[in-house]
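Here's the structure, in structure tokens; my notes come after.
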Amino acid sequence: MSKIETVDSSDHERSKSNTPHLEKSMQLFDHYEDKTDEVKAQFVVLSENQYINRLKNVYSASNEFMTCDCEEDIVDGLNIACGSDSDCINRLTNIECVDDQCGCGDYCLNQRFQRREYANISIFLTAEKGYGMRANVDIPAHSFIIEYMGEIVDSEEYKARKQKYDAEEIKHFYFMMIQDNEIIDATKKASLGRYCNHSCDPNAYIEKWVVNKRFRMGIFAKRKINKGEEICFDYNVDRYGAQPQKCFCGAANCLGVMGGKTQSETVRLLPHIITEALGVRASDEKKWLKEQKKNGVKVTNDNVDSNVNVEFVKALELKPLDPSDLAKISSCLMQPDLDLIVIKRILERFGMAFDDVLEGLLFRLNRFHGMQALGHALKTIFSVVGEKNTLSADQLNVLEMTVYLFEHWPKLKSKNSIQDGEVEELLRAFETKSLSENMKTRIDHLLEEWSTLEVVYRIPKKLEKNDSQRVLDDRRSRSGNTPSSGNKLPTGPASLTKQPWGDIDVSMLPENRKVEGCPLPSGWEWALDPTTQTRYYFNRLMNSTQWEKPEWPVDKVTKEDEEKRRRKERDREREKARELRDLKVLEKERALKRQSELKQEEEKLNMLSNIIAEASRSGSDENEHFKTKKSRTILKSQSRSKGNASRGEKAARVSDPNSEKKIVLSNSNGEKERKSSSENHSLDKKWMSLFASYVPNILKRYESEIGRDNLKNCARDIVHHLAKKEEKRHEGEAAPSTLSDERKAKIKAFSKEYMAKFMQKFEEKKKRKLELSGSPSKKQKL
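Under the UniProt record's numbering, think of the first position of the sequence shown as 1, with each following residue one higher.
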């Protein structure tokens, strides 16, 4: 089996691409001998990851548990909440729900890692690759296959083990990087996932999930995997400078080798999760690679090492945000060690939205743990800045865009999400850096606004134990009262057969939720006092801290407690319904407002055509009256010849039919305008939408000089001007769905000319302001 030295999870993610699976004759291995029991004797089979001592109490994925807003849904004794077809915010953002923390109830369907819901697989011996992993049944696309487990080590331990395994002459290493300073070593302790081989055309991919505040790696089906088919993912080893190794995958598009320089041009440019967050299609990557090859440009070492092709990300033409993108954006921003350029381009997609659209996008992003996601983005920038006092242009830009989003954030009811994302602390930390006074003022204003919010301690739902209709364990039992030190555990025969915590799987709990192999009561955790190194206990739900170890309550949940729980559930349900109703009302009001604006515009057009017609009519009457009076004056004074008088009469007679024609034309034009106004508006809107998807990308380089608001106004003016111009030129024709290269070139030229004029005026205005600001002192001298 040909394993690489170090595999990075983010590289595996990119194998889950939008590119279609290559058709080839399917090779099945279901007739090969099952070697599962044989391989299990070669390593220690783990049921969960084992952390070295230095990492045992490190929860690097999140400081707080991320909770969804799903409700418990019991069908035939099973909780079917948070399933694959649900709108569970945790599942959509690659976070597993945790019993005792979420309101969706215990044993929901979003606990595949914790409950080890692996696919039916087995290990077999391949002809050339060593052991491999195969499907014993058909596996549907995107199904969870197995977790890639092992010992979790830091960078220091990784280097030591690497040398040790070299000395032991271990041929194949099984390292997988979770994030910086967190690596899975599946060499001696692992799951069967260690036998998943490489393929240039894989049918599986690796995905990173947050489980119990820690990152864990899962192997998922990229497409439907048939019974007997070998399960493989793409190692992408060239990203880590491995020596070229012969590839035996047998795929139609096999490169012949794994690693080395030969694979550089064929790998995807970005991890899968980033492509989704930036709205990148496989065609975008292919087009860019083609252009680079044509220009003789090769992938740089910087791009390879960072796992992200920086030049590609910079050159990417962003697409306007769609509400369906927000879950992936939130999940991407919460990834560890995310590149600054990726964060910048993701936030730029929000900048493309007009204010009314942005409001709806942020409302939905807030639901998908958006505040925590932006907190992660700020943390990434701050970690890069470190001890330096000044921020780079890109870092300042990201900070400014993040603050801008916070300023437009929907009204919050509590400080929980702000606290979970450590947003306040991060913004205060940024204030200590060299920022402009304007930026510091904006941050101060946000902090002042948030200071009025309170942290709400949500009390989880409770259930009576031994409910005959529910297949659940005692983890659902939660006491609302602080346990007293006088409560003792039951003694005698009963205590020997059943513990007060029921059948809780203690091995699945984090270290700070158990003491000496016994779980702490619901909601309780422990930590070490930094001064005395003495253990103390705290409960966030009760907002309580104590030195004594909390005891499990003996009494069952009372009817009064159950009634309180149900009352809180009803209140929560009403609140959710109210929020949904408010959102629908808001959308309805916007639709009515748009209809009203269209109607007003149509009325204005009608009024204008009537005014023009009336003006033409009154103008002809005045001309006739004036000319008649003039002719009478001429006759009376006899100052002119009869020939001149007759010519004047003739001219007066000729003017009448012309004026009538003008009135008729004016009326007919008015009718035409009224008939086509709604049609023109629709066409105008399509043209505007088409140009709005391209113009902002052209103007983004001016943002640092003129500011976001000015940039938006310029983009809006250019879009309006171009839309009107094209609509007039192609009157009656439908707007195209995409812009041609020729039209893009024209738009670019026009935008450049427009911005040149704008920049000239902008500089003149700036200069005048500076002169005016200095004028009072000049007057005083005079």
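Quick reminder that beta carbons are idealized off the backbone N, C-alpha and C, glycines included.
Asked                                                                                                                                                               : Found
So, helix, strand or coil for Leu-333, using DSSP?                                                                                                                  : helix
Is it true that the CB of Glu-229 sits closer than 8 Å to the CB of residue 784?                                                                                    : The requested residue 784 does not occur in the structure, where the chain is confined to residues 1 to 782.
Taking 8 Å as the threshold (C-beta atoms), are Leu-321 and Phe-350 in contact?                                                                                     : yes
Ordered along the chain, which non-local residues of its own chain (more than five positions away) have a Cβ less than 8 Å from that of Ala-429?                    : Phe-382
Please report the residue range of the alpha helix (DSSP H) in which Ile-698 lies.                                                                                  : 695 to 699
Among residues of its own chain, excluding the 5 on either side of Ser-199, which ones have a beta-carbon nearer than 6 Å to its beta-carbon?                       : Cys-232, Cys-249, Ala-251
To the nearest angstrom, how far is it from the Cα of Arg-345 to the Cα of Asp-325?                                                                                 : 14 Å
Quick check: His-721 and Met-688, are their CB atoms within less than 8 Å of each other?                                                                            : no
Count the other CB atoms, across all protein chains shown, that sit within 10 Å of the CB of Glu-597; report buried if there are 16 or more and exposed otherwise.  : exposed
Report yes if the C-beta distance between Arg-214 and Ser-60 is below 8 Å; otherwise report no.                                                                     : yes
Taking 8 Å as the cut-off, decide whether the C-beta atoms of Lys-363 and Ser-330 are in contact.                                                                   : Note on identity: in this sequence residue 363 is Phe, with Lys being the wrong assignment. No.
Is the beta carbon of Glu-431 closer than 8 Å to that of Ile-443?                                                                                                   : yes
Do you know how far the Cα of Ile-139 is from the Cα of Ala-119?                                                                                                    : 7 Å
Going by C-alpha to C-alpha distance, which of Arg-54, Val-39, Pro-202, Cys-68 sits closest to Leu-125?                                                             : Val-39
Relative to the alpha-carbon of Lys-549, which residue among Val-515, Arg-594, Arg-581, Glu-575 has its alpha-carbon at the smallest distance?                      : Val-515
When DSSP builds the beta bridges, which residues end up paired with Asp-185?                                                                                       : Glu-151, Phe-175
Give the range of the beta strand (DSSP E) segment to which Met-133 is assigned.                                                                                    : 131 to 135
So, using beta-carbon positions, are Leu-426 and Ala-190 closer together than 8 Å?                                                                                  : no
Starting from Glu-525, trace the beta strand (DSSP E) both ways and give me its first and last residue.                                                             : 524 to 528
Lys-752: which of Gly-732, Glu-117, Lys-700, Leu-447 sits nearest, CA to CA?                                                                                        : Lys-700
Roughly how far, in whole angstroms, is the beta-carbon of Val-211 from the beta-carbon of Glu-96, given that I think they are within contact range, below 8 Å?     : 5 Å
Output needed for Met-401: all residues of its chain with C-beta closer than 6 Å, excluding positions within five of it in sequence on either side, in chain order. : Leu-347
Leaving out five residues before and five after Arg-115 in sequence, what residues of the same chain have Cβ atoms less than 8 Å from its Cβ?                       : Tyr-107
Between Ile-184, Tyr-131, Ile-206, which has its C-alpha nearest Phe-144's C-alpha?                                                                                 : Ile-206
Using 8 Å as the threshold, is the C-beta distance between residue 786 and Thr-187 below it?                                                                        : For the chain, the structure presents residues 1 to 782; residue 786 sits outside this window and is missing.
From what residue to what residue does the beta strand (DSSP E) around Gly-218 run?                                                                                 : 214 to 221
Mark Gln-395 as exposed unless 16 or more other C-beta atoms lie within 10 angstroms of its C-beta, in which case mark it buried.                                   : buried
Report the rounded CA-to-CA distance for Phe-750 versus Met-439, giving the unit in angstroms.                                                                      : 33 Å
Here's the rule: buried if 16 or more other CB atoms are within 10 angstroms of the residue's CB, otherwise exposed. What is Leu-365?                               : buried
Compute the distance between the beta-carbons of Glu-387 and Lys-328, then report whether it is under 8 Å.                                                          : no
Pick from Pro-202, Ala-745, Ile-219: whose alpha carbon is nearest that of Ala-208?                                                                                 : Residue 208 is actually Lys in this sequence, not Ala. Among Pro-202, Ala-745, Ile-219, the Cα nearest to that of Lys-208 is on Ile-219.
Among Lys-171, Val-384, Asp-154, Trp-552, which has the Cα closest to the Cα of Asp-180?                                                                            : Asp-154
From Asn-416 to Lys-576, what distance separates their C-alpha atoms?                                                                                               : 17 Å
Since Leu-446 and Glu-422 are thought to touch, with beta carbons under 8 Å apart, how far apart are those beta carbons, to the nearest angstrom?                   : About 14 Å separates the two Cβ atoms, so there is no contact after all.
Per DSSP, what kind of secondary structure is Arg-768 in: helix, strand or coil?                                                                                    : helix
Rounded to whole angstroms, what's the CA-CA distance from Pro-202 to Cys-196? Just pull it up for me.                                                              : 11 Å
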